[in-house]
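Every letter in the sequence shown is one number past the one before it in full-length UniProt numbering, and letter 292, counting from 1, is 292.
For glycine and all other residues, C-beta sits at the position ideal for the given N, C-alpha and C.
Note that the structure is predicted; figures quoted are calculated from it, not measured.
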Amino acid sequence: MRFHRNWGSRRKPEGVGGGNLATSRSQGRGGEVKGRVRKGLGCGGLRLPLLSLPRSDHRHEGPPAEMIVLAPAWSPTASLLLLLLLSPGLRGTPDCSFSHSPISSTFAVTIRKLSDYLLQDYPVTVASNLQDDELCGAFWRLVLAQRWMVRLQAVAGSQMQILLEAVNTEIHFVTFCAFQPLPSCLRFVQTNISHLLQDTSQQLAALKPWITRRNFSGCLELQCQPDSSTLVPPRSPGALEATALPAPQAPRLLLLLLLPVALLLMSTAWCLHWRRRRRRRSPYPGEQVLVLDGRGHLLGRLAAIVAKQVLLGRKVVVVRCEGINISGNFYRNKLKYLAFLRKRMNTNPSRGPYHFRAPSRIFWRTVRGMLPHKTKRGQAALDRLKVFDGIPPPYDKKKRMVVPAALKVVRLKPTRKFAYLGRLAHEVGWKYQAVTATLEEKRKEKAKIHYRKKKQLMRLRKQAEKNVEKKIDKYTEVLKTHGLLV
């Protein structure tokens with residue numbers, strides 16, 4: 001491996017070729033100048049060789065007047081000229097004038113034709129704090145209206161695009177001027193599309209007499225009205241220009257000091273709230289609560305499926321737990337549960353095991369036995385499960401699902417005997433069987449009344465649509481042609 005050094009002390013021993021590598025390449029045969037010009041890296045002209053004067057702190061091995069260096073690729077005059085050309089102050093203002101009027105004489109008809117086919121209450125936004133300028137105000141409003149026409153064309157149907165294109169053609173001349181980006185001080189308010197089209201027609205009418213007489217080069221930047229808090233207070237004619245500004249008020253200083261503390265408290269509260277939500281919420285975004293109707297399901301099969309779902313992160317609600325079935329006859333299941341009731345801690349029965357009597361709690365304990373409930377993952381899964389006797393609000397107005405893989409009629413032979421969890425709970429000490437049955441009867445009666453009202457309203461709606469069908473035929477056809485009705 002060889003190292004090429006380009007140090008000043010390593011000179012060629014003699015003559016014209018003396019000096020370092022860069023200076024020795026500057027001369028060739030016949031004394032002509034060579035170097036970067038030959039390689040195409042210069043700017044087109046030959047560089048003049050300059051004589052380097054001897055320095056006291058540098059050792060030269062050749063004659064003092066023979067050290068030759070290259071002239072710079074850019075002369076100082078050319079660099080200065082380039083800087084002057086690139087200076088933004090000398091570029092000039094972009095021209096925004098029109099020798100011929102780009103506004104047609106039929107723009108009002110074109111805009112009126114579009115407004116006949118549009119929804120009159122379609123929401124759009126307009127600037128509310130544009131500066132009231134006699135020359136530029138109309139031009140600025142047309143710029144914002146033209147941007148809305150482009151947005152509407154992107155989402156409109158084929159027929160509507162033709163009408164929007166016609167209106168956009170009327171105001172497309174504003175794009176010929178190089179406008180600056182919209183300022184951040186602009187405030188937009190929501191209004192109807194009919195107001196925007198009406199305002200566009202008025203601005204075109206106001207601008208048409210002056211479009212060829214004025215130069216709009218000073219209107220290329222939209223300006224906002226100054227806020228009342230930023231207005232400069234009026235000065236008296238004799239006021240001194242060097243008057244010191246008043247000191248900032250004490251409340252503002254106090255607010256500035258309290259701002260970091262408030263931000264810290266807000267961030268702390270948000271972190272605590274986010275941790276709580278993370279523990280309780282389902283990890284599936286947009287996943288709704290799964291409401292299951294327990295009536296007619298087998299206890300063990302339903303508990304296994306529910307345990308798997310809550311472990312996966314879904315929120316599950318099981319209602320009507322008193323209607324859950326248990327395979328085997330009632331007498332056998334009662335003996336098994338009575339044997340379970342006798343299991344307790346001899347020295348301190350208050351430490352467990354705890355024996356639940358309500359059907360919902362019996363089902364909950366069955367699911368708990370299928371979960372790793374002594375770990376944080378199991379506790380979080382158990383928190384996502386809710387069980388109820390009967391169907392309390394608000395679940396009485398929600399759609400309830402069944403699990404076909406756990407239904408008794410699917411999984412149990414017709415000749416097999418089974419027991420109801422509600423009856424078993426009543427036999428071992430549940431005291432609310434009659435109360436739950438009464439509440440269920442009331443709920444069913446309310447549901448019948450609601451269903452009858454719903455059917456009556458649907459019948460009246462169909463009759464009303466049939467009565468006005470002939471009157472709205474022409475409007476229906478227009479909506480169908482534009483794809484708003486199928």
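Notebook entry, point to check: Straight-line CA distance for A304 to T268?
Noted result: 40 Å
Check: Going by beta carbon distance, what residues of the same chain come within less than 8 Å of D199, once the five residues before and after it are set aside?
Finding: V126, R141 and A145
Next item on the list: Would you mind working out which of P404, F216 and P260 sits nearest L298, comparing C-alpha positions?
Entry: P404
Note to self: Distance check for H273 and L257, CA to CA, integer angstroms please.
What the structure shows: 26 Å
Checklist line | Run of the alpha helix (DSSP H) containing Q161, from where it starts to where it stops | finding: S158 to I171
Notebook entry, point to check: What do you get for F176, buried or exposed, if any count of 16 or more other CB atoms within 10 angstroms of its CB means buried?
Noted result: exposed
Item checked: Inter-residue spacing [alpha-carbon to alpha-carbon] between L479 and D473 -> 10 Å
Checklist line | Unbroken beta strand (DSSP E) run spanning A127, endpoints | finding: P123 to A127
Margin query: Against chain D, does S184 count as a neighbour if the rule is that its beta carbon must be under 8 Å from one of theirs?
Written below: The structure shown contains no chain D; it holds only a single protein chain.
Check: Which value, in whole angstroms, describes the spacing of the CA atoms of E469 and T106?
Finding: 36 Å
Next item on the list: Counting only the same chain and skipping the five closest in sequence on each side, list residues whose C-beta sits under 8 Å from that of T191.
Entry: P123, V124, T125 and V126
Notebook entry, point to check: Does DSSP put Y451 in a helix, in a strand, or in coil?
Noted result: helix
Note to self: Using CA atoms only, rank isn't needed, just tell me which of P393, P372, K417 and H355 is closest to V428.
What the structure shows: H355
Checklist line | Residue interval of the alpha helix (DSSP H) (run including K480) | finding: D473 to T481
Note to self: Quick check: what's the CA-CA separation for L460 versus Y451?
What the structure shows: 14 Å
Next item on the list: Kindly indicate which three-state DSSP category residue 492 falls into: helix, strand or coil?
Entry: Residue 492 lies beyond the residue range present for the chain, which begins at 1 and ends at 486; the question has no answer from this structure.
Notebook entry, point to check: Does the region 304 to 315 come close enough to the region 360 to 377 to have 3 or more Cβ pairs within less than 8 Å?
Noted result: yes
Check: Using the rule of at least 16 other Cβ atoms within 10 Å of the residue's Cβ for burial, across every protein chain shown, is E322 buried or exposed?
Finding: buried
Check: So, is G44 buried or exposed, given that buried needs 16 or more other C-beta atoms within 10 angstroms?
Finding: Because the pLDDT at G44 is just 44, under 50, the model does not fix this residue reliably, and the point stays unresolved.
Check: When you compare only the Cα positions, how much space is there between L412 and S327?
Finding: 8 Å
Item checked: Three-way DSSP call (helix, strand, coil) for I193 in this model -> helix
Check: Pick from A156, N215 and S128: whose alpha carbon is nearest that of Y117?
Finding: A156
Note to self: Using C-beta distances below 7 Å, list every residue in its chain close to L85, excluding the 5 sequence neighbours before and after it, in chain order.
What the structure shows: Residue confidence for L85 is low, a pLDDT of 48 falling below 50, so the modelled location carries little weight; the figure read from the coordinates is stated next. There are no such residues.
Check: Skipping 5 residues on each side, what residues in its chain have a beta carbon closer than 7 Å to that of T110?
Finding: A166, V167 and E170
Next item on the list: Assign D293 to one of three DSSP states: helix, strand, or coil.
Entry: strand
Next item on the list: State whether the region 381 to 389 contacts the region 308 to 316, with contact taken as three or more CB pairs (one from each stretch) at a distance under 8 Å.
Entry: yes
Notebook entry, point to check: CB P359 to CB D396, shorter than 8 Å?
Noted result: no
Item checked: Beta-carbon proximity of S194 to S128, cut-off 8 Å -> no
Next item on the list: Within the region 345 to 422, note down every full beta strand (DSSP E) run reaching 3 residues or more, in order along the chain.
Entry: 385 to 387 and 418 to 420
Next item on the list: For the beta strand (DSSP E) containing V316, list its first residue and its last residue.
Entry: V316 to V319
Next item on the list: For C224, name the three-state secondary structure that DSSP assigns.
Entry: strand
Note to self: Taking DSSP's pairing of strands, which residues face I324 in a bridge?
What the structure shows: According to DSSP, I324 bridges with nothing at all.
Next item on the list: From the DSSP output, in three-state form, read off L135 for me.
Entry: coil
Item checked: Among D133, Q203 and Q180, nearest to A108 - alpha-carbon criterion -> Q203
Next item on the list: Determine the contact status of L265 and L222, defining contact as a CB-CB distance below 8 Å.
Entry: no
Next item on the list: Can you grab the Cα-Cα spacing for the pair R151 / Q131, in whole Å?
Entry: 24 Å
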